[in-house]
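Novice:
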Amino acid sequence: MSDNHRKLAAVVLAAGKGKRMKSDLPKVLHEVAGRPIVLHVLDTLIELEVEKTILVVGHQAERVIRAIERPGIVFVEQKELLGTGHAVMMVEEDLRSFDGDILVLLGDAPLLRASTVKMLIAEHEKRDAAGTVLTAILPDPTGYGRIVRDRDGLIVKIVEHKDATVEEREIAEINSGTFVFKKAPLFEALGRIDNSNKQGEYYLTDVMQVFLESGMPTAGYCVDDHREALGVNSAEELAALDAQMRAKLS
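What follows is the structure, encoded as C-alpha cells:
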C-alpha cells in the first residue's frame with residue numbers, strides 16, 4: 123500500500139482440518155494449479171506491501187509450516203480449534219507493537235485478487251469503519267454466512283448458515299471471510315464475544331455485531347466476481363477451483 127494508506131498487517135487463517143475434504147491433509151495444503159492453496163493466498167499479499175504476515179496454524183501445524191518455508195512469516199498455533207474469532211485472538215500478542223489495520227484472510231480462498239483487497243481497504247478507510255467485510259452474491263449461498271442489510275442497504279447482521287432463519291437463508295449475499303479491521307476495536311470486541319451458537323465456536327463475524335451494537339461504523343464491499351470469494355470445503359469444490367485457477371493462469 124502507498125504512504126497514503128494506514129499500515130497493514132495480515133492474518134491468514136490456516137488452522138482448519140477440512141473435515142469434508144475426506145483427507146487427512148490439512149485443507150490449505152490441498153493443491154490448486156499444482157501448488158498448495160495457501161501459497162496462492164500468500165502470493166496475493168505480496169502485492170499489498172503488508173508490513174507483517176501472521177499465519178494461524180492448527181491441524182498438523184508442523185506440516186503446514188514446512189510446506190510454506192517463506193521468510194518473514196510469523197506462525198501462531200491455535201491449539202484448540204474454537205472458531206475464526208478464537209483464531210484471531212491468538213495473534214494479539216504478536217501484534218501488540220503494531221499500529222495499523224489488520225487484514226484477515228482465509229487460507230483456502232486462492233482466487234482472491236490483490237486489486238479486490240485494495241478496494242476493500244479503500245472502502246474501509248473511506249467509511250472510517252471499525253471493521254469492513256468483503257461480501258459476494260452467490261448463485262447458491264448454501265453453507266455460507268449471510269449478510270443481512272436494512273432498507274437503506276446498511277449491514278445490520280452477519281449470520282452463519284447454521285444459525286440463520288429460513289428467511290435469512292434466502293439471502294444470496296454472503297460473508298467471504300475476508301475482513302479489514304482497526305486494531306484496537308478488533309481486540310476489544312474479541313474480548314466481548316462468546317460461543318453461544320450451534321457450532322459452539324467464537325465467530326469472527328460476531329465482532330461486527332459488537333461494533334454495530336456499540337454504534338461503531340462498519341462497512342461492506344461486494345466483489346464483482348463472486349468466484350474470488352469461494353473457499354474450499356469439499357473435493358468437488360477443490361476440483362472446480364483448480365479448473366478456474368488453471369484457466370486464470372493460462
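Numbering of the sequence shown is given in this note's numbering, commencing with residue 123 and proceeding in unit increments. For every residue, glycine included, the Cβ atom is placed at its ideal position computed from N, Cα and C.
1) What residue from Ala231, Arg368, Lys279 has the CA that sits closest to Val254's CA?
2) Between Ile224 and Arg268, how many whole angstroms is the CB-CB distance? I'm expecting something under 8 Å.
3) Apart from the five residues just before and just after Ile190, which ones in its own chain have a Cβ nearer than 6 Å to its Cβ?
4) How do the stretch 148-167 and the stretch 201-210 stand: do at least 3 beta-carbon pairs fall below 8 Å, yes or no?
5) Alpha carbon to alpha carbon, what distance is there between Pro232 and Leu167?
6) When burial is assigned at 16 or more other CB atoms within 10 Å of the CB, is Pro193 buried or exposed?
7) Which same chain residues, not among the five before or five after Arg349, have their C-beta less than 7 Å away from its C-beta?
8) Starting from Thr300, trace the beta strand (DSSP E) both ways and give me its first and last residue.
9) Determine the closest residue to Pro263 out of Phe333, Arg291, Val154, with distance taken between C-alpha atoms.
10) Locate the beta strand (DSSP E) running through Leu177, then write down its first and last residues.
Specialist: Let's see:
1) This sequence places Thr at residue 254; Val is not what is there. Of the listed residues, the one whose Cα sits closest to Thr254 is Lys279.
2) With a Cβ gap of about 24 Å, Ile224 and Arg268 do not count as contacting.
3) none
4) no
5) 11 Å
6) exposed
7) Leu233, Gln366
8) 295-304
9) Arg291
10) 174-179
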